[in-house]
Every structure is written in C-alpha cells, then in structure tokens.
Amino acid sequence: MPVRIQIKEFDTEIVKAALEFCYEKYDNFIGNETKLFEFAIAFEIENLKKACLAYFGENITPENVCEIVQIAYSHNFQSL
Numbered sequence: 002m003p004v005r006i007q008i009k010e011f012d013t014e015i016v017k018a019a020l021e022f023c024y025e026k027y028d029n030f031i032g033n034e035t036k037l038f039e040f041a042i043a044f045e046i047e048n049l050k051k052a053c054l055a056y057f058g059e060n061i062t063p064e065n066v067c068e069i070v071q072i073a074y075s076h077n078f079q080s081l
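Residue numbers for the sequence shown follow my numbering, so the first one is 2 and each next one is one higher.
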C-alpha cells in the first residue's frame, strides 16, 4: 500500500527538488536554496540543510547578503 503525505507549506517544485537532492540529483538546487533550506529545517533533512548553509557561505554577494543574514538570524546560525 503506497503511503501518501500532504505537504501544504511548500510548493511542488520545492518538494521535488528536495526529493531529488536526497537521490543525489542537484539540478534544481540552484535558485531554490532558500526555500530548500526552510524545507530541510521543517523536515529535519540534515544533509540538505548543510548543503544550503555551504551554498550560502560560498555564494554571498552584495545582492543577497540581507537575505542570508535574515536566514542566519531567524534560525540562530552563527556560522553564517
């Protein structure tokens, strides 16, 4: 019997990207990293969370610094 779950907090694209990440397919990671990070926290997917944190740390720019600081502050991540 297949198991079905409803995930209403995230759109289909983010759920699909998170599942693909779990199967080592990273095509949909870039551009969705902020929402994927929120998904990783909500569903306790540690590898995805670490990948997002690494991406944030490596790709900080003047254009996205405020968003990254907000993410770090709201989740108490001092390393960012």
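Backbone N, C-alpha and C define an ideal beta-carbon position, used for all residues, glycine too.
Cβ-Cβ distance between N60 and C23 below 9 Å: Here residue 60 is taken as the residue at index 59 of the sequence shown, counted from 1. Here residue 23 is taken as the residue at index 22 of the sequence shown, counted from 1. No. Outside cutoff.
Is the separation between the beta-carbon of F57 and that of E34 shorter than 9 Å? Here residue 57 corresponds to residue number 56 of the sequence shown, with the count starting at 1. Here residue 34 corresponds to residue number 33 of the sequence shown, with the count starting at 1. In this structure, E34 lies closer than 9 Å to F57 by Cβ.
Please classify K51 as buried or exposed, where buried requires at least 16 other C-beta atoms within 10 Å of its C-beta. For this step, residue 51 is matched to residue 50 along the sequence shown. K51 comes out exposed.
I'd like the list of long-range same chain contacts for A55, defined as Cβ closer than 7 Å, with 5 residues on each side in sequence excluded. Within the sequence shown, the letter at position 54 stands for residue 55. Excluding sequence positions up to five before and after A55, its CB lies less than 7 Å from no other CB in the same chain.
Take E68 and list the residues in its own chain whose beta-carbon comes closer than 6 Å to its own, dropping the five residues that flank it on each side. Looking up residue 68 in the sequence shown gives position 67. Correct list: empty, nothing qualifies.
Count the other CB atoms within 10 Å of the CB of I46; is the residue buried (16 or more) or exposed (fewer)? For the purposes of this step, residue 46 is taken as residue 45 along the sequence shown, with counting starting at 1. By the 10 Å Cβ count, I46 comes out buried.
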